[in-house]
Each structure stands twice: as structure tokens, then as C-alpha cells.
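**Student:**
In this note's numbering, the protein residues as written are 9 to 293.
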């Protein structure tokens, strides 16, 4: 008999968060869905499902995050799975974005994720179980023109999750970082994507071309968000979940092409790479 889990999903009002919420409820589990606004709208769309608790919460507000987690525990008694989904894209050349634009992207994508992790782990440590799933991106595995700053937030999520998985493993807790490719959601429209106000003409052939491309492919991406949502349900029910889960053929290809290029660089520079130890260390080895 299936043991009912309680999920805590951030950014549940649209996109991945909404589809994952639907899939989890359909699987028979409970969901605490956090939204920045429109709480009533989400509740109504699920016919006020008794297995769903919708909480208004901004991931960048530590007090709100703490209160939301307390509400989840009060309502359902536990949190088994956390999905850190809340975030947004920043399309900009590295030189074009202001400090404030970059800091705000980090505030939501990185520090918001950390706020949730810090709030839920005391409860998971106490129950000696749980699974934290952080959403990264294809841009967190390999850089793209115009996406370097956003991608850097996702590179951070990759590294944080790797370390977290090692730290919580002895406590019976798992951590997984999921890197989706290009999925057919609202990510490339104005509701989820922010472009830097500054545009530098010298980058017209690179970042400018990416801006044009992003506008053309919006809602034409290859990934199916319904299938992604089912993948999350499968992941949460795995006996030994992985630390890394790339989703989409494009993500897999991006990772493999990057590692192949990395290996070529290593082969070409092997003497320099291996020649930087102290002589006594090299002699001992």
C-alpha cells in the first residue's frame, strides 16, 4: 500500500510548479503549494481539494518561508518532499546587466532556495527522512550566450545540492538537483523572463540574436511539462534517488558535449595541468 507523502512546492501558480502540483495530487499525495499571490485562484482551480494547502509566500522573505513551513507541519504533520521551483530567468549579456538586476536574480533563484532549505531541514532532521529537490536548468550545466548570469544562479544550485546531498545522507535525507532543458512553459514570456534594461549594440550578433531567438521559440520548446511532472513523481518515489537528474534530450546532449570538450582541453593541456605540484609531491607520486 502506498504511503501518502506531503510535498512542499514553491512557485506553484504556473509553469513547472503548477504541473507538478497537479501530478502529485493525482498520485494521491498531499501538497503544500506556495504562491506569491492569487491564492484563492489556485484553490478554486483544484475545487478546494482537502489534500491541498495553498500558502502565500515570497521565497525571499525568511519570515514568510518559516511561517509557511510551520503551516504545512500544522496541517499535515510532516514534509516529505520539497520542490524548490520558484525562480525566474534573466536574459542579458554579462556586461549589460546592472548589479541590482543580477542581485535580484540571485535573491530569488539562490537565496530563496536557501531560505526554504534552512526552514525545512530542522523538521526533516527530526523525522530522519525527507527529499529536497532543487530545480536547476540546462543553463546550469553549460553556458549559453545571453544566459550567463541566470545560468550562474543555476550553477550555484548545482553546487549547493551536491554538497547538501553529502551532508544530509547520514540523516536519512536525500537531495537531488533536476536540470530541465527547454520545456514548453511560460518561461520565455514576460511572466517569467526578465531582460536587462541596458542593451549594448556591440553584442547584437550574440546576445541580441539570442533575444530574437528566445522570442521566436517561446511555447515551441521540445519538452513536455506534463511528462516532466510525472518524472518528479517517479523521482520522489525512488528508493535511491540520484543527486543529478537532467531532464530532456537537449539537456543530456548539452552535458555530454560539454564534458567531451572538457576532456579535449585536458588532453591538450595535460602537461601544464599535471606540472603544477611541488617537486617533492611529484616524486612521491
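Glycine residues also receive a C-beta, built at the ideal position from the N, C-alpha and C atoms.
What separation, rounded to the nearest whole angstrom, lies between the Cα atoms of residue 104 and residue 164?
**Tutor:** Here the question's residue 104 lines up with position 96 in the chain shown. Here the question's residue 164 lines up with position 156 in the chain shown. If I take the Cα positions, the gap works out to 21 Å.
**Student:** Write down every uninterrupted run of the alpha helix (DSSP H) in the stretch 118 to 160 whose length is 4 residues or greater and which is fully enclosed by it, in chain order.
**Tutor:** Complete alpha helix (DSSP H) runs here, min 4: 120 to 135.
**Student:** Give the straight-line distance between the Cα atoms of residue 156 and residue 60, rounded to the nearest whole angstrom.
**Tutor:** Taking the chain shown and counting its residues from 1, one reaches residue 156 at position 148. Taking the chain shown and counting its residues from 1, one reaches residue 60 at position 52. Cα-Cα distance, rounded: 37 Å.
**Student:** Buried or exposed for residue 250, going by 16 or more other Cβ atoms inside 10 Å?
**Tutor:** For the purposes of this step, residue 250 is taken as the residue at position 242 of the chain shown. Residue 250 is exposed by the Cβ-count criterion.
**Student:** Give a yes or no on whether the C-beta atoms belonging to residue 146 and residue 262 are separated by under 7 Å.
**Tutor:** Translated into positions along the chain shown, residue 146 becomes position 138. Translated into positions along the chain shown, residue 262 becomes position 254. It is a contact, given that the beta carbons lie within the stated cut-off.
**Student:** For residue 14, which beta-bridge partners are listed by DSSP?
**Tutor:** As a position in the chain shown, residue 14 is number 6, starting the count at 1. According to DSSP, which records beta bridges pairwise, residue 14 is partnered with 38.
**Student:** Take residue 295 and list the residues in its own chain whose beta-carbon comes closer than 6 Å to its own, dropping the five residues that flank it on each side.
**Tutor:** Past the boundaries of the shown model lies residue 295; the chain is included only from 9 to 293, so the question cannot be answered.
**Student:** Compute the Euclidean distance between the alpha carbons of residue 231 and residue 255, then round it to the nearest angstrom.
**Tutor:** Here residue 231 corresponds to residue number 223 of the chain shown, with the count starting at 1. Here residue 255 corresponds to residue number 247 of the chain shown, with the count starting at 1. Rounded to whole angstroms, residue 231 to residue 255 spans 9 Å at the Cα level.
**Student:** If we call anything under 7 Å between Cβ atoms a contact, is residue 94 one with residue 128?
**Tutor:** The residue you call residue 94 lines up with position 86 of the chain shown. The residue you call residue 128 lines up with position 120 of the chain shown. Not a contact, by the Cβ cut-off of 7 Å.
**Student:** Figure out for me which residue from 183, 272, 125 and 136 has the closest Cα to the Cα of residue 248.
**Tutor:** What you label residue 248 is simply residue 240 of the chain shown in a count that begins at 1. It is 183.
**Student:** Between which two residues does the alpha helix (DSSP H) containing residue 73 stretch?
**Tutor:** For the purposes of this step, residue 73 is taken as residue 65 along the chain shown, with counting starting at 1. Element bounds for residue 73: 70 to 84.
**Student:** May I ask you to verify whether the stretch 163 to 181 touches the stretch 202 to 209, counting CB pairs closer than 8 Å and requiring at least 3?
**Tutor:** Contact fails: fewer than three Cβ-Cβ distances are below 8 Å.
**Student:** Go to residue 114, then tell me how far its alpha helix (DSSP H) extends in each direction, as first and last residue.
**Tutor:** Position 106 of the chain shown, counted from the start, is the residue given in the question as residue 114. Residues 107 to 114.
**Student:** For residue 233, name the three-state secondary structure that DSSP assigns.
**Tutor:** In the chain shown, the residue the question calls residue 233 occupies position 225. Three-state result, residue 233: helix.
**Student:** Residues in its own chain within less than 6 Å of residue 83 by CB, not counting five upstream and five downstream?
**Tutor:** On the chain shown, position 75 is the one that residue 83 refers to. Contacts found: 61.
**Student:** Whose C-beta lies closer than 8 Å to the C-beta of residue 253 among residues of the same chain, with five residues either side of it excluded?
**Tutor:** For the purposes of this step, residue 253 is identified with residue 245 of the chain shown, where counting begins at 1. If we look at residue 253 and ignore the five residues flanking it on each side, its Cβ neighbours are 184, 185, 186, 187, 239 and 243.
**Student:** Quick one: which unbroken beta strand (DSSP E) runs of 3-plus residues sit fully inside the stretch 229 to 280? Chain order, please.
**Tutor:** Segments of the beta strand (DSSP E) lying fully in the stretch 229 to 280: 252 to 255.
**Student:** Determine the contact status of residue 154 and residue 218, defining contact as a CB-CB distance below 7 Å.
**Tutor:** Here residue 154 is taken as the residue at index 146 of the chain shown, counted from 1. Here residue 218 is taken as the residue at index 210 of the chain shown, counted from 1. Yes, they are a contact pair.
**Student:** Would you give the residue range spanned by the beta strand (DSSP E) that residue 284 belongs to?
**Tutor:** Position 276 of the chain shown, counted from the first residue, corresponds to residue 284. No beta strand (DSSP E) contains residue 284, which DSSP labels as neither H nor E.
**Student:** Could you compute how far the alpha carbon of residue 282 sits from the alpha carbon of residue 266?
**Tutor:** Within the chain shown, numbered from 1, the residue matching residue 282 stands at position 274. Within the chain shown, numbered from 1, the residue matching residue 266 stands at position 258. Approximately 21 Å between the Cα atoms of the pair.
**Student:** Could you compute how far the alpha carbon of residue 246 sits from the alpha carbon of residue 139?
**Tutor:** The residue labelled residue 246 in the question sits at position 238 within the chain shown. The residue labelled residue 139 in the question sits at position 131 within the chain shown. Straight-line Cα distance between these residues: approximately 10 Å.
**Student:** Cα-Cα, which of 14, 26 and 126 is closest to residue 233?
**Tutor:** On the chain shown, position 225 is the one that residue 233 refers to. It is 26 whose Cα lies nearest to the Cα of residue 233.
**Student:** Going by other Cβ atoms of all chains shown within 10 Å of its Cβ, with 16 needed for buried, is residue 174 buried or exposed?
**Tutor:** Position 166 of the chain shown, counted from the first residue, corresponds to residue 174. The residue in question, residue 174, is exposed, as its Cβ has fewer than 16 Cβ neighbours within 10 Å.
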